[in-house]
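Residue numbers (full-length UniProt numbering): 1 to 139.
This report refers to the structure that appears directly beneath it.
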Amino acid sequence: LRTDAETLKNCMNGILSFINKGYVASCHDVSEGGIGVCLSEMAIGSDIGAHIDLSEVGADLRTDFKLFSESNTRWIVEVKKDNQNSFEKLLTKENTPFIQIGETQGKTLAIKDNEKTVINLEIMILRESWKNTIWDIMG
């Protein structure tokens, strides 16, 4: 799916506006590897886990598509709890679609889809897998 430059510009301006207003604790684009890789990178970088539910993300899609789709103009945005209502009101006012998919907590990345757990890994294990190359794994 191709995204036009104007849509991308509007999304980026919106994200930057939210960051400047102080609503955003962290933000990562969903690109190579999709939501699954994005969430893993965020957890590894912050050493903070998350409990995620993908049930409302493309409800008719298979779980692997939800996790690894590389479609454009999507971001995972962690919003400070105190700013959540203001953030959601601003998104609604700007006609910007959003879905709350979870919360940051603990030291584990747990992802489920339609009540089925698909990933449940400690950040330490994610980090080691990310750091090691295929050659390290295969000897």
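Backbone N, C-alpha and C fix where the C-beta goes; we use that ideal spot for every residue, glycine too.
- My understanding is that T108 touches L121, with C-beta atoms under 8 Å, so please give their C-beta distance in whole angstroms. 7 Å
- Message: Checking the sheet assignment: what are the DSSP bridge partners for W75?
- Response: D29
- Assign K116 to one of three DSSP states: helix, strand, or coil. strand
- Compute the Euclidean distance between the alpha carbons of F119 and C38, then round it to the nearest angstrom. The sequence shown places Ile at residue 119, rather than the Phe named in the question. So the alpha carbons of these two residues sit roughly 14 Å apart.
- Message: Quick check: what's the CA-CA separation for D113 versus D64?
- Response: 10 Å
- Item | Inter-residue Cα distance where the pair is L69 and D60 | The question names Leu, but residue 69 in the sequence shown is Ser. Going by the C-alpha atoms only, they are around 14 Å apart.
- Query: Is there contact between the region 66–80 and the region 19–37, where contact requires at least three CB pairs shorter than 8 Å?
  - Reply: yes
- Query: Which residue's Cα is closest to the Cα of S31: G58, T7, D53, L67?
  - Reply: L67
- Task: Identify whether L1 lies in helix, strand or coil by the three-state DSSP scheme.
- Result: Note that L1 has pLDDT 49, beneath the 50 cutoff, so the model's placement of it is unreliable and the number below is only indicative. The answer is coil: DSSP assigns L1 none of H, G, I, E or B.
- Item | T7 - DSSP class collapsed to helix/strand/coil | helix
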